[in-house]
Amino acid sequence: GGATIRNIEDVSGASVKTDRIQKTCTITGSPEQVNIATQMVNNTLADQDIAVVSLESRVAQTIMRNGENLKNIQNLSGARLDIKVDAESGSVSCTITGGSKKVAAAKKLVADYLAGKGPDGGMEVLKFASHHGRLIIGRKGANVQSLQLESGADINVDIQDPYATVTVMGSKDVVAKGVAAINRFVLDHSVSAVVALDPSAIGTVLKQLNSLRENSDVRLDVSDDRTTVKLIGTQKEVADAKSTIIGWIDAELGPPKVGPGEILETIKIGSAAGKVIGRSGATITRLESEAPGASIKIKQGNVCYVSGKPESVKKIKEQIEEIVAKHNETVARVQQEEKALTKTGWSMQTGQPVSASKDAASNTAIGNDWGGFQAALQEGW
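Per the numbering used here, residue 19 is the first one in the sequence shown, and the count goes up by one each step.
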């Protein structure tokens, strides 16, 4: 290194220049100075040693790529350390060169650092679930940068699903602060809550969850049966996300908002929802086109909301109530005919007698003309 060359120049009085690319050493001076310098260079080269330490784990690579660690080891040992990556295999190693005693000292220091026992430093390796590792990193590394500023520690996160390895390095006090800050951060972000999903609102909620994930650090886990969403994060993040999801559910199940000068009517349509909607929404489309300025929304399967201009809302409401009333009349008539058929021994399911009874006088099977019932079914009511 530079110190060795300066020492040779000071003792010999010669000028020593090295070319790392050409791997040559040029000595200039008086014959006596050159002879002394040449002998010192040869003695130095004779004592040169080299060692290669393989850095197989991500943690080891992180430790040895830390500039402060390399500087400390080189200053303490006097050896030179180079981190090299094999172009073909991608393997990483640390090459140590220098005098045999210096190389030996550097090897021991490297081993100490990899074991977390640096001279005045420390290291601790923490294990978390991978989602906690991503949380520690944060958006564009914001969280890990904040944790490093708070503690002064060097923090590296390596995620290999399903786990994350977090390496904390620095002086022993700094490492302790870094570990405490990370554990506190993870604990603060482990508040949880569960939101139940109404069947009628599941589709709407699931479509909007990605936007919530993109704009918040809260973790969202939907149950396999899609009946609940579990929220994990800070107390504020969970509370805000829960409020947002409940708002989506309320908007999907509850009445629509009305503007100035508009009114809202609520109609219980029961089993007549299909008649109010029509095939492919044809009935709703027709009603809205005949009464401009009004909107029809059916929620929870049996509640119809009509909102908009008062006159248009009133017109649509009357027509929907008429549809519902006609439907209910047909249902009642079908139910009465069903009772009548049951009494006479006919099955509504098969159209065949349930039991064959005969008139004693005529020896004729008793039947029933239920064409009216069939006609009702064919009407679609």
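Yeah, the Cβ is synthetic: ideal placement off N, Cα and C, and Gly gets one too.
Could you check what DSSP says for residue i in three-state terms: helix, strand or coil?
i	result
Ile287	coil
Leu73	coil
Lys145	strand
Val236	coil
Ile45	strand
Arg244	coil
Leu414	In the structure as shown, the chain starts at 19 and stops at 399, and residue 414 therefore has no counterpart that could be examined.
Asp104	coil
Ala171	coil
Ala378	With a pLDDT of only 43 at Ala378, under 50, the local geometry of the prediction cannot be trusted, and the value read off the model is given with reservation. Three-state DSSP puts Ala378 in coil, outside helix and strand.
Thr185	strand
Ala133	coil
Arg98	strand
Gly277	coil
Thr115	strand
Thr22	helix
Gly292	helix
Ser109	coil
Gln92	helix
Ala309	coil
Leu402	Here the chain comprises residues numbered 19 to 399, so residue 402 is not present and cannot be evaluated.
Gly299	helix
Leu215	coil
Ser373	Unreliable placement is indicated for Ser373, whose pLDDT of 49 sits below 50; the coordinate value is still reported in the next sentence. If DSSP states are grouped into helix, strand and coil, Ser373 belongs with coil.
Ile81	helix
Thr252	coil
Lys327	coil
Going straight from the alpha carbon of residue i to that of residue j, what length do you get?
i	j	result
Tyr131	Arg76	14 Å
Thr46	Asn25	15 Å
Asn174	Glu27	43 Å
Arg38	Asp67	17 Å
Leu127	Gly20	21 Å
Thr284	Glu308	19 Å
Lys125	Asn84	16 Å
Val121	Lys35	23 Å
Ala69	Arg244	58 Å
Ala78	Lys102	13 Å
Arg98	Ile91	9 Å
Gly279	Ser218	30 Å
Ser298	Arg351	27 Å
Lys335	Arg231	41 Å
Gly159	Val184	14 Å
Lys89	Ala257	47 Å
Glu356	Val276	44 Å
Thr360	Gly272	42 Å
Thr115	Pro49	30 Å
Gln87	Asp268	The sequence as given places Asn at residue 87; Gln does not occur at that position. Looking at the two C-alpha atoms, the distance is approximately 57 Å.
Val59	Ala129	30 Å
Ala133	Gln40	37 Å
Using a Cβ-Cβ cutoff of less than 8 Å, which residues in the same chain neighbour residue i once the five nearest sequence positions on both sides are dropped?
i	result
Pro274	Leu282, Ser313, Lys315, Tyr323 and Ser325
Lys260	Ala211, Val213 and Leu249
Ile23	Val34 and Thr36
Val247	Val212, Val213, Leu215, Val223, Leu227, Leu238, Asp239, Val240, Ser241 and Ile263
Thr42	Thr36
Quick one: what's got a C-beta closer than 6 Å to residue i's C-beta in the same chain, skipping five residues either side?
i	result
Ser72	Ser111
Lys293	Ile341 and His345
Leu153	His207
Val29	none
Ala32	Ile45, Gly47, Gln51, Val52 and Ala55
Phe146	Ala182
Glu270	Ala219 and Thr222
Less than 8 Å between the CB atoms is what I'm expecting for residue i and residue j, so what's the real figure, rounded?
i	j	result
Asp100	Thr80	The pair is not a contact, with the Cβ atoms about 17 Å apart (cut-off 8 Å).
Gly251	Arg237	6 Å
Ile302	Gly296	6 Å
Ser148	Asp179	5 Å
Gln177	Gly151	Rather than Gln, the amino acid found at residue 177 in this sequence is Ile. Contact holds; Cβ gap of about 5 Å.
Glu12	Val197	No information on residue 12 is available, as it lies outside the stretch 19 to 399 that the chain covers here.
Ser169	Ala123	In fact, because the Cβ distance is near 30 Å, the residues do not count as touching under 8 Å.
Gly188	Ala171	4 Å
Leu144	Val186	7 Å
Pro310	Ser289	Pro310 to Ser289, Cβ: 29 Å. No contact.
Leu305	Gln354	No, Leu305 and Gln354 are not in contact; Cβ-Cβ is about 30 Å, not under 8 Å.
Which residues in the same chain as residue i place their Cβ atom closer than 7 Å to its Cβ, once the five residues preceding and following it in sequence are excluded?
i	result
Ala291	Ile316, Gly319 and Asn320
Ala378	Here the model assigns Ala378 a pLDDT of 43, short of 50, so the residue's position is not dependable and the matter cannot be decided.
Gln226	Trp266
Glu255	Ser234, Asp235 and Val236
Glu339	Ile285
Leu63	none
Gln253	Val209
Lys327	Glu280, Gly311 and Ala312
Lys333	Ala309
Q) Is the stretch 185-195 touching the stretch 92-108, taking contact as three or more C-beta pairs under 8 Å? A) no
Q: Flag this pair as touching only if the stretch 194-209 and the stretch 163-179 have three or more C-beta atom pairs under 8 Å; answer yes or no.
A: yes
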